[in-house]
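A.B. asks: Just so we're aligned, residue 814 is where the sequence shown starts under the working numbering, counting upward by one.
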Amino acid sequence: MAETSLKPFRSLLGIIPDIYFGICSRSIQLVEWNKKSKYCGVCGSETSMHSIEKAMFCKECNNLIYPRISPCIIVLETRKERLLLAHNKGFPGKMYSTLAGFIEVGETVEETIKREIFEEVNIKVKNCQYYGSQSWPFPSQLMLGFHAEYDGGELKPDGDEIDIADWFHYQSLPEVPPGSISISGRLIESYVNKLTKKDLPGFT
């Protein structure tokens, strides 16, 4: 019998088929939600699974607790043949990626894009165009992918989250996430293919 071992889900990205990624992603998020929703946030009573709704239910005050999803933007900023890529302090090695951030209460997606990019690298953007989305279970994010164009500013990493950022020519890119596992990689691939006039299927 072949030996088996437990591995962190993140380490399996790009290895397991897409269909299993979706199943595992959903399962991980539901397990985490269940752990954090055992007690009602209103009255403190113990909760149980609702018989109809996909929610935890408090019998004492009728509070329903649905799985939490945190919407985020992830954006590839471009300047003609150059792509803005950054190294986050939490990234392994010399990995670069597109910029991303959480949508705050009361913000539109467009406002979040402009705020996050300016806060992280001091760059203004325009012409934000939606590309696609990806469920990202680390922990419970819904990544909304966009392309955006440079609209001014001198590149300056915030030094907090982003320690390095630069404009890279599309023919000389650093190490980036593969498109097979990350919408960041797909954003990069789609723009490079556009520049080289190659067709690329939409993100699914």
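Where a beta carbon is used, it is the ideal one built from N, C-alpha and C, also for glycine. Predicted, not measured: the structure shown is a model, and the values here were computed from it.
Leaving out five residues on either side along the sequence, give the residues of the same chain with a beta carbon under 7 Å from the beta carbon of residue 982.
C.D. replies: 894, 895
A.B. asks: Is the number of C-beta pairs between the region 895-914 and the region 969-983 that are closer than 8 Å three or more?
C.D. replies: yes
A.B. asks: Given this structure, state the Cα-to-Cα distance separating residue 879 from residue 960, to the nearest angstrom.
C.D. replies: Rounded to the nearest angstrom, the two C-alpha atoms are 31 Å apart.
A.B. asks: What do you reckon, are the CB atoms on residue 837 and residue 853 nearer than 8 Å?
C.D. replies: no
A.B. asks: Comparing C-alpha positions only, which one of 930, 856, 966 sits nearest to residue 888?
C.D. replies: 930
A.B. asks: Could you tell me the boundaries of the beta strand (DSSP E) in which residue 922 lies?
C.D. replies: Element bounds for residue 922: not the beta strand (DSSP E) but the alpha helix (DSSP H), 922-934.
A.B. asks: Pull up the CB-CB distance for residue 917 and residue 925, whole angstroms please, since I reckon it's below 8 Å.
C.D. replies: Indeed they touch by this definition, with Cβ atoms about 7 Å apart.
A.B. asks: Quick one: is residue 833 buried, meaning 16 or more other Cβ sit within 10 Å of its Cβ, or exposed?
C.D. replies: Classification for residue 833: exposed.
A.B. asks: Excluding sequence positions up to five away, which residues of its chain have a Cβ less than 7 Å from the Cβ of residue 915?
C.D. replies: Non-local beta-carbon contacts of residue 915 in its own chain, meaning distances under 7 Å to residues more than five positions away in sequence, involve 883, 885 in chain order.
A.B. asks: Just tell me which of 869, 943, 1001 has its CA closest to the CA of residue 991.
C.D. replies: 1001
A.B. asks: Is the separation between the beta-carbon of residue 899 and that of residue 987 shorter than 8 Å?
C.D. replies: no
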